Amino acid sequence: MAILSGRAKLAGVMGWPVSHSRSPGLHGYWLEHYGVDGAYVPLAVVPDRLRDAIGGLVALGFRGVNLTLPHKEAALGHVDDLSATARRIGAVNTIVVGADGKLRGDNTDAFGFLEHLKASAPQWRADARPVAVLGAGGAARAVIVALLDEGVIELRLINRSPERASKLREAFGPAITVVDWAARSTALSDVSLLVNATSLGMSGQAPLDLALDRLNQTTVVYDLVYAPLDTPLLKAARQRGNAVVDGLGMLLHQARPGFQAWFGVEPEVTAALRAFVLDDLKA
Ligand code: NAP
Numbered sequence: 000m001a002i003l004s005g006r007a008k009l010a011g012v013m014g015w016p017v018s019h020s021r022s023p024g025l026h027g028y029w030l031e032h033y034g035v036d037g038a039y040v041p042l043a044v045v046p047d048r049l050r051d052a053i054g055g056l057v058a059l060g061f062r063g064v065n066l067t068l069p070h071k072e073a074a075l076g077h078v079d080d081l082s083a084t085a086r087r088i089g090a091v092n093t094i095v096v097g098a099d100g101k102l103r104g105d106n107t108d109a110f111g112f113l114e115h116l117k118a119s120a121p122q123w124r125a126d127a128r129p130v131a132v133l134g135a136g137g138a139a140r141a142v143i144v145a146l147l148d149e150g151v152i153e154l155r156l157i158n159r160s161p162e163r164a165s166k167l168r169e170a171f172g173p174a175i176t177v178v179d180w181a182a183r184s185t186a187l188s189d190v191s192l193l194v195n196a197t198s199l200g201m202s203g204q205a206p207l208d209l210a211l212d213r214l215n216q217t218t219v220v221y222d223l224v225y226a227p228l229d230t231p232l233l234k235a236a237r238q239r240g241n242a243v244v245d246g247l248g249m250l251l252h253q254a255r256p257g258f259q260a261w262f263g264v265e266p267e268v269t270a271a272l273r274a275f276v277l278d279d280l281k282a
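The sequence shown stops at residue 282 when you use numbering that gives the first Met the number 0, and every number in between is there.
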């Protein structure tokens with residue numbers, strides 16, 4: 000257990016429930032590793048007290064918080080200032096209390112997605128060929144923002160409910176092409192990147208039924224699902240010789256900007272951190 004001084008820097012994560020969150024373990028690892036006098040605490044906040052809880056951060060001297068389910072969208076309305084990324088994704092996962100006491104809402108999921116992609120598949124180029132994204136929920140929105148900002152020219156959006164994908168096309172423009180769920184396997188022939196941003200393949204959920212035989216040998220396959228870490232999609236892709244990117248790195252990288260803003264240290268995602276969080280996931 001950490002020993003705190005009266006000057007300890009404070010941050011945490013608000014969720015309901017919050018007990019499933021891996022963020023206290025992850026930030027706690029960095030706090031100890033970098034010898035920071037600080038604490039990152041789980042904050043169980045019921046949805047109808049979110050405004051009060053966020054408003055209380057300044058009075059309590061918190062440096063900021065992360066938001067997890069179900070608070071990410073509601074938090075948009077409870078901050079003084081929103082980053083352009085948070086506005087485009089339509090969700091806040093990180094709040095930083097400024098020196099002036101103002102609350103700034105940001106979303107670091109797009110950053111985490113891209114940092115992990117660049118670290119795991121440095122050969123991938125955004126403007127080379129189309130990309131395919133399965134899913135049109137909150138995670139998919141962050142992936143879309145990341146890929147469009149990186150210069151992707153054509154993004155094939157494949158979702159079970161077509162109206163949800165069409166809404167994203169309206170929001171993000173003509174680089175998005177909506178593809179029927181039934182055509183998900185045939186739409187993969189010339190893509191440079193395939194991303195699973197659905198919950199399919201996650202433990203306790205239905206499997207992802209997807210044929211990979213049209214995939215090019217150079218296609219990078221990225222699964223956002225991290226429980227299990229080695230999903231059936233990643234196993235099948237690896238077996239055919241495709242480069243694969245797992246979902247855990249995104250979770251780790253998205254935490255970096257918050258830690259730096261609250262605790263003043265730029266943290267690193269290392270093999271030791273991955274092993275620590277993996278152990279935590281198994282516990
Ligand atoms: P969400 O908003 O609930 O969206 C779920 C998506 O999965 C929707 O596109 C939904 O399609 C699709 N889906 C669910 N059941 C399906 C089925 N039986 N058949 C076809 N499609 C189905 O969830 P989310 O927040 O975007 O999260 C999606 C996944 O990403 C989860 O596994 C989550 O753990 C993971 N994730 C990982 C990270 C990370 O850091 N690695 C970050 C965020 C999320 P419909 O629109 O048709 O319902």
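A virtual CB, placed ideally from N, CA and C, is assigned to each residue, including glycine. Just so it is clear, the structure is predicted and the values come from calculations on it, not from any experiment.
DSSP three-state assignment for residue i, whether helix, strand or coil
i	result
A10	strand
G104	strand
A186	helix
L59	helix
T84	helix
P23	helix
Y225	coil
D179	strand
A260	helix
V220	strand
R50	helix
P173	coil
I94	strand
V313	The shown model of the chain, from 0 to 282, leaves out residue 313, and the question about it has no answer.
V151	coil
V194	strand
Beta-carbon proximity list for residue i, same chain, < 6 Å, skipping 5 on both sides
i	result
A125	E149, G150, V151
Q253	T107, D108, G111
F275	Y28
G24	D279
S22	V12, N65
Q204	S198
Q259	E265
Buried or exposed by the 16-neighbour rule on C-beta atoms within 10 Å, applied to residue i
i	result
R6	exposed
K281	exposed
W295	Only positions 0 to 282 of the chain appear in this structure, which leaves residue 295 out of reach.
L59	exposed
P266	buried
E114	buried
V224	buried
G246	buried
G134	buried
Nearest-angstrom beta carbon gap, residue j and residue i [assumed within contact, 8 Å]
i	j	result
V132	L156	6 Å
G37	K8	4 Å
Y33	G11	Contact doesn't hold; Cβ gap of about 18 Å is too wide.
R62	V91	Wrong, their Cβ atoms sit about 16 Å apart, outside the cutoff.
V219	A120	4 Å
L116	V244	6 Å
P231	P206	6 Å
G137	K71	7 Å
7 Å CB neighbourhood of residue i in its chain, flanking five on each side removed
i	result
L68	G14
E153	P129, A174, T176
S184	L209, A210, R213
V142	F112, V132, V194, A196
V144	T84, R87, I88, A109
M201	V224, A226
Chain-order list of residues whose beta-carbon lies under 8 Å from that of residue i (same chain, five-residue window excluded)
i	result
P256	T93, D105, T107, F110
V190	R128, P129, V130, A131, R155, L214, N215, T218
K101	D79, D80
L3	D36, G37, A38
R239	L211, L214, Q216
L251	L25, G111, H115, V268, L272, R273, V276
P161	V177, D179, W180
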